[in-house]
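Enquirer:
4 protein chains.
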Amino acid sequence: MHKFLLLGGDSRQLYLSRILTENGFFTVLHSDGDDPDFSLKEAMETCNIILCPIPFTKDKISLFSAHEMNDLGIGNLLSHLTSGHILFGGNIPAYVKEYARKNEIGCFDYMDMEDVTIKNTIATAEGAIAEAIRLSPGCLHQSKCLITGFGRCAKTLALKLKGLDLAITIAGRKANQLALASAMGFETILLSDLEKEIGRYDYIFNTIPALVIDGKLVSLVSRQATIIDIASAPGGVDFEACRQQGIRAKLSLGLPGIYAPETSAKILYEAILTCLSQTV
Amino acid sequence: MHKFLLLGGDSRQLYLSRILTENGFFTVLHSDGDDPDFSLKEAMETCNIILCPIPFTKDKISLFSAHEMNDLGIGNLLSHLTSGHILFGGNIPAYVKEYARKNEIGCFDYMDMEDVTIKNTIATAEGAIAEAIRLSPGCLHQSKCLITGFGRCAKTLALKLKGLDLAITIAGRKANQLALASAMGFETILLSDLEKEIGRYDYIFNTIPALVIDGKLVSLVSRQATIIDIASAPGGVDFEACRQQGIRAKLSLGLPGIYAPETSAKILYEAILTCLSQTV
Amino acid sequence: MHKFLLLGGDSRQLYLSRILTENGFFTVLHSDGDDPDFSLKEAMETCNIILCPIPFTKDKISLFSAHEMNDLGIGNLLSHLTSGHILFGGNIPAYVKEYARKNEIGCFDYMDMEDVTIKNTIATAEGAIAEAIRLSPGCLHQSKCLITGFGRCAKTLALKLKGLDLAITIAGRKANQLALASAMGFETILLSDLEKEIGRYDYIFNTIPALVIDGKLVSLVSRQATIIDIASAPGGVDFEACRQQGIRAKLSLGLPGIYAPETSAKILYEAILTCLSQTV
Amino acid sequence: MHKFLLLGGDSRQLYLSRILTENGFFTVLHSDGDDPDFSLKEAMETCNIILCPIPFTKDKISLFSAHEMNDLGIGNLLSHLTSGHILFGGNIPAYVKEYARKNEIGCFDYMDMEDVTIKNTIATAEGAIAEAIRLSPGCLHQSKCLITGFGRCAKTLALKLKGLDLAITIAGRKANQLALASAMGFETILLSDLEKEIGRYDYIFNTIPALVIDGKLVSLVSRQATIIDIASAPGGVDFEACRQQGIRAKLSLGLPGIYAPETSAKILYEAILTCLSQTV
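So the sequences go chain by chain: V, P, Y and R.
Take 1297 as the starting number for the first sequence in the working numbering and just add one per residue.
Take 1297 as the starting number for the second sequence in the working numbering and just add one per residue.
Take 1297 as the starting number for the third sequence in the working numbering and just add one per residue.
Take 1297 as the starting number for the fourth sequence in the working numbering and just add one per residue.
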């Protein structure tokens, strides 16, 4: 039976550890502060499944951890990996994947699993909604809302915001994408036509990981608008321009970990078990 | 032209003051700390419309204020009121209303205005949703949700939660109420049948200002459930029982003031102008 | 045990008869053509519960029947009624109710039962939607829709049309009614302001039993619009004016009987049993 | 300026002809009965854009026409085509496309245009809803509904049915597809697990063009259920088995042409203009 070592991360790791334990798995969790008695080497000798955090790393040196931890260097981790291990994590750097491949170590990136990605859009959407309600002094109800992009996150977010009675417009690059958005009940606009229209929105959600809402567009946004950016850092909004013009704007990252760590952990748990069942 | 004096309250008073000013009205705002130069007597001689907070008072002695203020005693206020004044506020005590009536002072309670009450259900619903997303480590999506009561707040909240893909059940006392809930697309249950079913809900929102979710029912609630009580204090949930059983539960009051002070101020502004136009 | 006699009506009577039989009740159905062997006198001696149709009568002489029937004169029916009978029907004429009261005959009008009325709004709404889809050569999707009135039928219809992605505006007389409509996510307009706006709607549903869409308003309606009137006959639309101007318009009555006779029969069955259980 | 010849088809051709005329184009419509004065040869010499129907043909000999027409043989059409012509139609046979390619005749199949396909899902969904309301004696409201497949048509239909308060389950082959369906708020089931569950649905909509609901599954369907098949002929339901078991079932094809010919014509018009603008 598999033995799991969970390293670093945020509260999702806690919930994941709890779920694994509840399901009868031997589990070691090392995610909160430095434990002088903890030995990564020993833990990795005991456990065969290494569950790294989402994201794998932020500084490219150590595994990411919400709490300060000094003993999670990536090099150290790699040095203890053997072909008996299977590694999981989110946004695993290319060189780590390459290392695993060469050394015949199983390596799964959560972000490459379509199931996980799709399911995570829900927690992201709910988190973005909570952020918008809190950040803005107005109501979402019957306000005008722009969503840039129409990928998975945007679709789920758009449906939920429609369910809250916002009038949604989807801005996209491609006609087919916009035809689909229209069939799902949304107004649509080409990204290239945004300049003319962006001033009329009360809420703007960006989901495109590229500078879409640049300084020029920001200068046309209503002073009463609220901008939430849920695209990967550094996001797609010129936040400096927003600050200068007094527009409420926030880069909201890692929403599933903040607003729905338990659901996120369940999703990871199911994905891990599916991978392991297909591996062995 | 009317001159407005705003006393105490929360950030709704700030936004209300700003809206009045933007619309060209002379406005005095006294809501933030003690201003040694402020004289209630003088301000009330200058202004004819006195906008008191929501709620009017919490301690029955002074006007309510989010910031500590020592110069807003109700007795003091009354002593300066003349028949040239018109008084507004939320949940104005009966004796103040009676005093106004006897002295021919115009007196309007926001809570008696059906328009205001209905419009406020929106901010309350959005606030309750934000609280639920934040309080619970899971997702609202496709979870099982119970709403006790089917008055105005419950109706708006239920529609919005349905828009977020929760499976909603309405618990009420009357068959007609439940027939209406069913026609609006919700499952229904008699309050008296809750014991058998309450264990299967992930989220419970109480809107009834009476002890509906008592200790007995709390003992049957799932340990993973989240309870949000938006009925007037002291609410309708046995919070002590929740604490003992480790169930997440929160009395969430004054949600419009917290989550949508600007929209709330606009609603008050419109109601005030309607009243004044019908008065004179 | 009760014995049921069903007279006249439409296919709801057939389904009602079937449901009663399935539940073990003795049932006589007389609703389809003239049966030379049928004797109303004998049937009413055998059965104690007389289930008349919805509506009770159209010509004020005989019970309503979808099929031509010559033996259902109201006078004849009354002459056989005794205090051992209990009478049910929809829109029972006042003089029949008065006759029943004086002779101590139980008499229940479905239309006076709030439960039945509320539940029937669903079949009415679905029927109106089917009529609109069929009558118009365009799509409902993302079209502009006006609903006049905001009573029970209008509320259910509005929610369902919103669910089909129409942009709904509610026209009503009272501000409170419109505040409620707004809180439920609809645009609103005062009936008295309709002249300015009525030209922009693709679909118009009238639910008010009074001449609301008169010749003047019809002249302002778009030539491409579709009007469905679900208010009681003669409805609230000037159909002659519509005809002259080539505007698609239809008075759609009795929708539950046409589109959902089985569900309607179930609703009646439950209402009948509730009444009988409370009577004896 | 282009001159348009419209041949055969259903009422979409009429609306398309009207829209072209309204937009100032020279248009010849030949779609209703035999006109002894009509000469295909002459018409094709006058017009350069030939708008064939959807579908192009049903009998593989003549163009499809809702009205009996004897002069629309495909061979005849081809014999008059020159490289100056551009041909449009729906489901154009491969050999016609090949003929066009070889002879350098522009040839566009509406069914290959993603825009058109996506937009048509709306009329298909609305038509399927109207069929279900009419076919079943019950209400859609709060009934249990199964949709097989989760392609474009199924997505649009599922969202609309959810908007009408049905409890939707999506049956599909692939886990990712079902994860997406779940994120959009639907229950899900693997097609391979249908046997256990199919008995509990009140409405079944098939969108998969393959025998999905075979005799075995039909035998497990509730006798009160209603089945609507909107997959291309011969559909994916064993209709003979349905007939034998007295289950309401209908193959509903060409719904856009029946329920929304005007909207469908507008979609075609826009697609034609886009193609022509990109061609020349």
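We put the CB at the ideal spot given by N, CA and C, even for glycine.
Report yes or no: do the stretch 1442 to 1456 of chain Y and the stretch 1563 to 1575 of chain Y share at least 3 C-beta pairs separated by less than 8 Å?
Expert: With the cut-off at 8 Å, the stretch 1442 to 1456 of chain Y and the stretch 1563 to 1575 of chain Y do not touch.
Enquirer: Give a yes or no on whether 8 Å exceeds the smallest Cβ distance from R:Ile1581 to chain V.
Expert: Residue 1581 of chain R falls outside the range modelled here, since chain R spans only 1297 to 1576, and no answer is possible.
Enquirer: Between V:Ala1362 and P:Ala1556, what straight-line distance do the alpha-carbon atoms span, to the nearest angstrom?
Expert: Between V:Ala1362 and P:Ala1556, the C-alpha separation is close to 31 Å.
Enquirer: Spell out whether any CB of chain V is found under 8 Å from the CB atom of R:Leu1476.
Expert: Closer than 8 Å to some Cβ of chain V, the Cβ of R:Leu1476 qualifies, so yes.
Enquirer: At a CB-CB cut-off below 7 Å, which residues of chain C make contact with V:Thr1417?
Expert: Included in the structure are the protein chains V, P, Y and R, with no chain C among them.
Enquirer: Identify whether P:Gly1369 lies in helix, strand or coil by the three-state DSSP scheme.
Expert: Three-state result, P:Gly1369: strand.
Enquirer: Rounded to whole angstroms, what is the Cα-Cα separation between R:Ile1464 and V:Ser1375?
Expert: Near 51 Å, if we compare the C-alpha coordinates of V:Ser1375 and R:Ile1464.
Enquirer: Look up P:Leu1302 in the DSSP assignment and say whether it is helix, strand or coil.
Expert: Residue state, collapsed to three classes: strand.
Enquirer: Let me see if you follow: with CB-CB separation under 8 Å, is P:Gln1309 close to chain R or not?
Expert: Cβ-Cβ to chain R under 8 Å: no for P:Gln1309.
Enquirer: Which residues in chain Y sit within 9 Å of P:Ala1471, going by Cβ to Cβ distance?
Expert: In chain order: Glu1410, Asp1411 and Thr1570.
Enquirer: Quick one: using the 10 Å Cβ neighbour count with 16 as the cut-off for buried, is R:Arg1519 buried or exposed?
Expert: Its Cβ having fewer than 16 others within 10 Å, R:Arg1519 is exposed.
Enquirer: Distance check for V:Val1412 and V:Asp1534, CA to CA, integer angstroms please.
Expert: Cα-Cα distance, rounded: 29 Å.
Enquirer: So, is Y:Lys1458 buried or exposed, given that buried needs 16 or more other C-beta atoms within 10 angstroms?
Expert: So Y:Lys1458 counts as buried.
Enquirer: Specify, as a first and last residue, the run of the alpha helix (DSSP H) that V:Gly1423 falls within.
Expert: From DSSP, the alpha helix (DSSP H) with V:Gly1423 extends over Glu1410 to Leu1431.
Enquirer: Scan the stretch 1470 to 1506 of chain V and note each continuous beta strand (DSSP E) run of 3 residues or more that stays entirely inside, going in chain order.
Expert: Counting only runs of 3 or more, we get 1483 to 1486 and 1499 to 1502.
Enquirer: If distances are taken between C-alpha atoms only, which option among Y:Lys1356, Y:Phe1334 and Y:Glu1338 comes closest to Y:Gly1371?
Expert: Comparing Cα positions, the closest option is Y:Lys1356.
Enquirer: Specify the secondary structure class of Y:Val1533 as computed by DSSP and reduced to three states.
Expert: Strand at Y:Val1533.
Enquirer: Can you give me the start and stop residues for the alpha helix (DSSP H) that R:Lys1458 sits inside?
Expert: Looking at the DSSP string, the run of the alpha helix (DSSP H) that includes R:Lys1458 is Arg1448 to Gly1459.
Enquirer: Under a CB-based cut-off of 8 Å, is V:Asp1498 close to chain Y?
Expert: Chain Y, which has no Cβ nearer than 8 Å to the Cβ of V:Asp1498, makes this no.
Enquirer: By the 10 Å Cβ neighbour count, where 16 or more other Cβ atoms means buried, how is Y:Gln1540 classified, buried or exposed?
Expert: That one is exposed.
Enquirer: What distance in whole Å lies between the Cβ atoms of R:Gly1304 and R:Met1365, which are believed to be in contact at a cut-off of 8 Å?
Expert: Their Cβ separation, rounded to whole angstroms, is 6 Å, which keeps R:Met1365 and R:Gly1304 in contact under 8 Å.
Enquirer: Give a yes or no on whether the minimum CB-CB distance between Y:Asp1306 and chain V is below 8 Å.
Expert: Not an interface residue.
Enquirer: Please list, in chain order, the residues of the stretch 1430 to 1449 of chain P that have any C-beta partner in chain V closer than 7 Å.
Expert: Result list: Arg1430, Pro1433, Gly1434, Cys1435, Leu1436 and His1437.
Enquirer: Just tell me which of P:Leu1569, P:Leu1312, P:Phe1300 and P:Ser1307 has its CA closest to the CA of P:Phe1322.
Expert: Among P:Leu1569, P:Leu1312, P:Phe1300 and P:Ser1307, the Cα nearest to that of P:Phe1322 is on P:Phe1300.
Enquirer: What does the alpha-carbon distance come out to for the pair V:Ile1563 and P:Pro1505?
Expert: Roughly 38 Å between the two C-alpha positions.
Enquirer: Under the rule that 16 or more other beta-carbon atoms within 10 Å means buried, what is V:Thr1378, buried or exposed?
Expert: It counts as exposed.
Enquirer: Here's a check: name, in chain order, each residue in its chain whose Cβ is nearer than 6 Å to the Cβ of V:Leu1474, leaving out the five neighbours to either side.
Expert: Taken in chain order, the residues that qualify are Gly1468 and Thr1484.
Enquirer: Label V:Thr1353 either buried or exposed according to how many other C-beta atoms from any shown protein chain fall within 10 Å of its C-beta, with 16 as the threshold for buried.
Expert: Result: buried.
Enquirer: What does Y:Leu1455 reach in chain P if we use C-beta pairs closer than 9 Å?
Expert: Those within 9 Å of Y:Leu1455 in chain P are Leu1455, Ala1479, Met1480 and Gly1481.
Enquirer: Between the alpha carbons of Y:Glu1410 and Y:Glu1394, how many angstroms are there, rounded?
Expert: So the two alpha carbons sit approximately 21 Å from each other.
Enquirer: Using CA coordinates, which residue listed in Y:Ala1421, Y:Tyr1391, Y:Glu1491 and Y:Ile1443 is at the minimum distance from R:Cys1435?
Expert: Of the listed residues, the one whose Cα sits closest to R:Cys1435 is Y:Ala1421.
Enquirer: Can the beta-carbon of R:Ile1509 be found closer than 8 Å to that of R:Gly1532?
Expert: In this structure, R:Gly1532 lies closer than 8 Å to R:Ile1509 by Cβ.
Enquirer: So that I know if they touch, is there some Cβ in chain Y lying closer than 8 Å to that of R:Thr1559?
Expert: It does: the Cβ of R:Thr1559 has a partner Cβ on chain Y nearer than 8 Å.
Enquirer: Within this structure, are the beta carbons of Y:Leu1462 and Y:Lys1546 separated by less than 8 Å?
Expert: Contact flag unset, no.
Enquirer: List the endpoints of the continuous alpha helix (DSSP H) containing Y:Ile1568.
Expert: Where Y:Ile1568 is concerned, the enclosing alpha helix (DSSP H) stretches over Pro1557 to Thr1575.
Enquirer: Starting from the beta carbon of P:Thr1452, find every residue of chain Y whose beta carbon is closer than 8 Å, and list them in chain order.
Expert: Those within 8 Å of P:Thr1452 in chain Y are Ala1479 and Met1480.
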